[in-house]
Each structure stands twice: as structure tokens, then as C-alpha cells.
Amino acid sequence: MQRRNDPVLTEEVLSSDPRFIGRVFSVEVQDVRLPDGRLSKREVVRHPGGACVVALDDEQNLFLVRQHRVGTGDTTRELPAGKLDIPEDPLECARRELAEETSVIAEQWDLLSRYYPSPGYTDEVISIYLARGLSKAYARPDDGEFLTVEKIHLTDALNQIRDGLITDGKTCLGIYMAADFIGYFTR
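Quick note: the sequence shown uses the working numbering, first residue 3, plus one each step.
Rendered as C-alpha cells:
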């Protein structure tokens, strides 16, 4: 992503101490010099990034996956998505995750957005794609990944976001961006 550092606001990293290195992310504590010269500490989560897919068929149905999320202790409804396997390209990750999680492949791919979900503490970037020209494929979910797939009309998905039934951030953003991209709101 393009950096837009403002020298008046930028913090200088003086040192970085890795505190945890895990399978999905790592954590480091940084000593920084603030723009006014004072010293402070920052805790930063390093993440390889991810990709998310709005797979939209010709009838404007999209695919959601239901899965348990340990962070919330709840079952969520999300767009197909996953973590980049370094040095994987985000589009390749999106293609892989769509096939693994939904048994669907797509002919046409459009990048809708690349965004930071939580820039206050992580460098994670999520790329959101719109996938069209869908056809069935063979699914092979990741080992230890348990999910169910549902097909829902775009209008129903938008209503469920409004009603608080779909609450995952990347999913809400992806669905709204896909709707805008195809001109749904201007009809």
C-alpha cells in the first residue's frame, strides 16, 4: 500500500523487541520518539495480511461461511477469506480460499479494496476481491477448519448487515463495496 507519512506526525522507531512469534502473527514492543521529542512504547502485531472474496453469481447471490471464532467465542457469518502464505500474492490467496471454503472458482476478478482493519496496532492489510463468472470446484478445507457455506442474495446480505446479523468488518465492507461496484445503489 502507498505510504502517506506526514513528518509532523511520524514517530521514529528507536528499537524493536520481538515478544511473541506465532503461527499466524508475531508481537513486538517498540521504543519510539514521538513528534514532540518525548519517548514512548508501542505494541505492534505483525501479520502477513489476508484476502477476502465476494463471490457473486448471475442472480446476485453471494457465499458466506459460518464458523466458530475463538476471539469472540461465537459463530460468525463471513465472506470466504484467509491469511496469506508468504510470499503469496493476495489474488492467489483469494482464489485458493474461495475454492477451499466454498467449492467455487471464478473467471473474473476485480480488486475492490486494500485496507488496514486495525492500524492502531497491526500492519495487517486485507485485500477484498469481487469474483464473478462462478462455477463449481472440488473443495478441500484446511485441516482443522470446520465451516458451513450458505448462499444469500445481495439484498438480504445488506439488510442483515443493517440489522446487526452480519457483523464481521471485512464482510460488511466487502459486501457494500461489491454492491457499489456493480451499481446496486444507483438502480
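Positions of the beta carbon are idealized from the N, C-alpha and C atoms, including for glycine. All figures in this text were calculated on a predicted structure; none of them were measured in a lab.
{"Query": "Quick one: measure Cβ to Cβ for L114 and M179, integer angstroms, because I've assumed they're closer than 8 angstroms.", "Result": "4 angstroms"}
{"Query": "Can you tell me where the alpha helix (DSSP H) with L175 in it begins and where it stops?", "Result": "171-183"}
{"Query": "Would you mind working out which of V34, A57, R6 sits nearest I154, comparing C-alpha positions?", "Result": "A57"}
{"Query": "Could you check if F65 is buried or exposed, using at least 16 other CB atoms within 10 Å of its CB as the buried criterion?", "Result": "buried"}
{"Query": "Which runs of the alpha helix (DSSP H), 4 residues or longer, sit entirely within the stretch 57-131?", "Result": "92-104"}
{"Query": "At the level of alpha carbons, what is the spacing between L16 and V31?", "Result": "11 angstroms"}
{"Query": "Give me the Cα-Cα distance between W111 and R134, rounded to the nearest whole angstrom.", "Result": "7 angstroms"}
{"Query": "Assuming D19 is part of the alpha helix (DSSP H), what are its boundary residues?", "Result": "Not the alpha helix (DSSP H): D19 falls in the beta strand (DSSP E), residues 14-23."}
{"Query": "Cα-Cα, which of C174, R97, T150, N7 is closest to S137?", "Result": "R97"}
{"Query": "Are T173 and C54 close, meaning C-beta to C-beta below 9 angstroms?", "Result": "yes"}
{"Query": "At what residues does the alpha helix (DSSP H) containing D158 begin and finish?", "Result": "156-164"}
{"Query": "Quick check on P9: buried or exposed, where buried means 16 or more other Cβ atoms within 10 Å of its Cβ?", "Result": "exposed"}
{"Query": "How is the beta strand (DSSP E) around R48 delimited, first residue to last?", "Result": "41-48"}
{"Query": "H49 and E126: beta carbons closer than 9 angstroms?", "Result": "yes"}
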